[in-house]
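Residue numbers (the numbering used here), protein chains in the order written: chain D, 5 to 102; chain B, 2 to 395.
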């Protein structure tokens, strides 16, 4: 059984052996952004595209396209605030809540 | 034709491992199981098998490596005893819940403390809730035979659970006995090739093993795990049947020794069953009294119904536990057999003994005394001590 057929309503008979997942990259479907209690806000005007924030993000929630960072992936950002700390230009500000 | 040999229990297990030639063996030495990886390492060094030996820094790592190798798709074996298995604790549960058919040669030894190296069942009995299939042996022959049946049970698509092949430390592990061995090619045919349906090294199917399960999934996962243990009962019997066709040696969930017509029954696990059989024979020939023995081979899954049916109409039953569980009541085997008897509304008299802790001897005379007390109990219907000891100074 493919894993997309398994959800929180599935009976035990449909659970895979040992909860094994037979496809890659399924963590995309798990919205860890729901855990967030504070949220980074991207100030595009202050950003110099140094990209220091990208590799320090523990949840790969700062997408990069053609060498430029994009808006946060709020489906997966847990709001840890490391990006704010590392940004030299004040281009990321943490606000309370989601 | 079977090969006639004389081997210790550890030699017999190592012999079986050589014949099976598993892919990976992570192991850490601990008395009295040390010889098993030692003998297997010799076979590797002498080019008899191509098993990959992983030198680990602890049993925690041994079982972790076993899990990793099994998830990768390898056939895995490890061996340990006592505190070594205690250090595997966390991983025992992971191996079972990840549904990895690891086989563990367990040489039963008392858990610390006080530190002690001799036989009792406190190590494996403590792991009875870990989700492993547990198969026990009375003799070296049984250890060998059980070990050959371990992989066909563990790897069966209806089961996919780890298996613990248990034997009593020193008593069988170091005691040398006559033994009948199978030819290598017969073993290889019986055990077969391991072809898992899903495994991490399969590049065509990326997969995740052992993911986090939130409360919305945990209970369903555990229920599914239980189902595998239920299905294991059928597979254990089918495997035993196939083994009997090959060797003529018959195995089930338990052995009934002169039990069918018996009024008084002892239930026991492991090597002391041999001593009990001697007591049964002597009592029967000297007095004609109907005494019998039920020797548990498979403790997990627990053969509740079959065991209850075999014991329900006895006049009195004594269950002998070789481990404490500090319930301030009985031992683990006693508790489960007693519950099984309740499920069939048996009115048999029942007592639970502790014996053999930390390697304390039990003799034919001790067993005769238990049978004598069972007879007395069946007449008085008065249990003086539900949880008595055998061989305790008091």
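For every residue, glycine included, the Cβ atom is placed at its ideal position computed from N, Cα and C. It should be emphasised that the depicted structure is a prediction, and the values quoted were computed from it without experimental measurement.
Through-space distance from residue j to residue i, alpha-carbon basis
| i | j | result |
| --- | --- | --- |
| residue 374 of chain B | residue 271 of chain B | 22 Å |
| residue 54 of chain B | residue 62 of chain B | 13 Å |
| residue 185 of chain B | residue 76 of chain B | 17 Å |
| residue 368 of chain B | residue 253 of chain B | 24 Å |
| residue 31 of chain D | residue 224 of chain B | 24 Å |
| residue 234 of chain B | residue 20 of chain D | 21 Å |
| residue 119 of chain B | residue 269 of chain B | 18 Å |
| residue 5 of chain D | residue 18 of chain D | A caution first: residue 5 of chain D carries a pLDDT of 45, below 50, which makes its placement in the model unreliable, though a value can still be read off. Between residue 5 of chain D and residue 18 of chain D, the C-alpha separation is close to 8 Å. |
| residue 379 of chain B | residue 264 of chain B | 9 Å |
| residue 9 of chain D | residue 47 of chain D | 40 Å |
| residue 206 of chain B | residue 23 of chain D | 15 Å |
| residue 266 of chain B | residue 298 of chain B | 16 Å |
| residue 302 of chain B | residue 192 of chain B | 21 Å |
| residue 145 of chain B | residue 280 of chain B | 25 Å |
| residue 97 of chain D | residue 80 of chain D | 18 Å |
| residue 71 of chain D | residue 65 of chain D | 15 Å |
| residue 358 of chain B | residue 142 of chain B | 24 Å |
| residue 222 of chain B | residue 16 of chain D | 6 Å |
| residue 194 of chain B | residue 19 of chain B | 15 Å |
| residue 44 of chain D | residue 29 of chain D | 25 Å |
| residue 83 of chain B | residue 129 of chain B | 14 Å |
| residue 61 of chain D | residue 11 of chain D | 28 Å |
| residue 273 of chain B | residue 156 of chain B | 30 Å |
| residue 228 of chain B | residue 285 of chain B | 42 Å |
Under 9 Å by beta carbon: chain B residues contacting residue i
| i | result |
| --- | --- |
| residue 26 of chain D | 199, 206, 207, 208, 209 |
| residue 71 of chain D | Simply none; closest approach about 29 Å. |
| residue 96 of chain D | Those within 9 Å of residue 96 of chain D in chain B number zero; the least Cβ separation is about 29 Å. |
Best match in the options for proximity to residue i [C-alpha to C-alpha]
| i | options | result |
| --- | --- | --- |
| residue 56 of chain D | D/47, D/73, D/41 | D/73 |
| residue 102 of chain B | B/143, B/139, B/151 | B/151 |
| residue 147 of chain B | B/99, B/175, B/15, B/88 | B/15 |
| residue 2 of chain B | B/248, B/123, B/79 | B/248 |
| residue 24 of chain B | B/68, B/395, B/348, B/5 | B/68 |
| residue 306 of chain B | B/337, B/293, B/292, B/348 | B/337 |
| residue 349 of chain B | B/376, B/251, B/365 | B/376 |
| residue 282 of chain B | B/82, B/372, B/39 | B/372 |
| residue 100 of chain B | B/127, B/116, B/92 | B/92 |
| residue 347 of chain B | B/339, B/354, B/353 | B/339 |
| residue 138 of chain B | B/383, B/106, B/341 | B/106 |
| residue 14 of chain D | B/216, B/57, B/332, B/317 | B/216 |
| residue 60 of chain B | B/79, B/227, B/218 | B/79 |
| residue 84 of chain D | D/16, D/41, D/27, D/28 | D/41 |
| residue 153 of chain B | B/323, B/309, B/250, B/238 | B/238 |
| residue 218 of chain B | B/45, B/98, B/18 | B/98 |
| residue 26 of chain D | B/232, B/392, B/204 | B/204 |
| residue 135 of chain B | B/385, B/230, B/384 | B/230 |
| residue 416 of chain B | B/360, B/7, B/258, B/243 | Here chain B comprises residues numbered 2 to 395, so residue 416 of chain B is not present and cannot be evaluated. |
| residue 171 of chain B | B/27, B/310, B/393, B/35 | B/35 |
Per-residue burial, residue i [other beta carbons within 10 Å of its own, 16 or more giving buried]
| i | result |
| --- | --- |
| residue 59 of chain D | exposed |
| residue 329 of chain B | exposed |
| residue 202 of chain B | exposed |
| residue 179 of chain B | exposed |
| residue 321 of chain B | buried |
| residue 276 of chain B | buried |
| residue 293 of chain B | buried |
| residue 9 of chain B | buried |
| residue 89 of chain D | exposed |
| residue 113 of chain B | exposed |
| residue 123 of chain B | buried |
| residue 308 of chain B | buried |
| residue 362 of chain B | exposed |
| residue 5 of chain B | exposed |
| residue 291 of chain B | buried |
| residue 198 of chain B | exposed |
| residue 92 of chain D | exposed |
| residue 109 of chain B | buried |
Contact set between residue i and chain B, taken where Cβ atoms lie within less than 8 Å
| i | result |
| --- | --- |
| residue 12 of chain D | 217, 218 |
| residue 75 of chain D | The premise fails here: residue 75 of chain D is roughly 28 Å from chain B at the closest Cβ pair, so nothing lies under 8 Å. |
Interface residues of chain B facing residue i [CB-CB closer than 7 Å]
| i | result |
| --- | --- |
| residue 39 of chain D | Residues of chain B passing the Cβ test: none, with the nearest at roughly 12 Å. |
9 Å Cβ cut-off: residues of chain D touching residue i
| i | result |
| --- | --- |
| residue 91 of chain B | Chain D residues near residue 91 of chain B: none, gap ~16 Å exceeds 9 Å. |
| residue 161 of chain B | 21, 22 |
Partners in chain A for residue i, counting only beta-carbon separations shorter than 8 Å
| i | result |
| --- | --- |
| residue 15 of chain D | Here chain A cannot be found, since the structure's protein chains are D and B. |
Beta-carbon neighbours of residue i, restricted to chain D and to distances below 7 Å
| i | result |
| --- | --- |
| residue 76 of chain B | Under the 7 Å cutoff, chain D gives no residues; its nearest Cβ is about 17 Å from residue 76 of chain B. |
| residue 98 of chain B | 22 |
| residue 212 of chain B | 23, 25 |
Partners in chain D for residue i, counting only beta-carbon separations shorter than 8 Å
| i | result |
| --- | --- |
| residue 225 of chain B | 16, 17, 19, 21 |
| Can you give, in chain order, each stretch of the beta strand (DSSP E) that sits fully within the segment 144 to 179 of chain B and has at least 3 residues? | 164 to 169
| query | Can you list, in chain order, the stretches of the beta strand (DSSP E) that have 3 or more residues and sit fully within the segment 263 to 309 of chain B? | reply | 265 to 270, 292 to 297, 299 to 301
| message | Extract the residue ranges of the alpha helix (DSSP H) inside the segment 15 to 51 of chain B, only unbroken runs of 4 or more that lie entirely within it. | response | The qualifying runs are 36 to 46.
| request: At 3 residues or longer, and completely inside the segment 12 to 66 of chain D: list those beta strand (DSSP E) runs for me, N to C. | output: For the segment 12 to 66 of chain D, whole beta strand (DSSP E) runs of length 3 or above, ordered along the chain, are 42 to 46.
| task | Could you name each continuous alpha helix (DSSP H) segment of 4 residues or more that falls completely within the segment 359 to 395 of chain B, going from the start of the chain to the end? | result | 365 to 381
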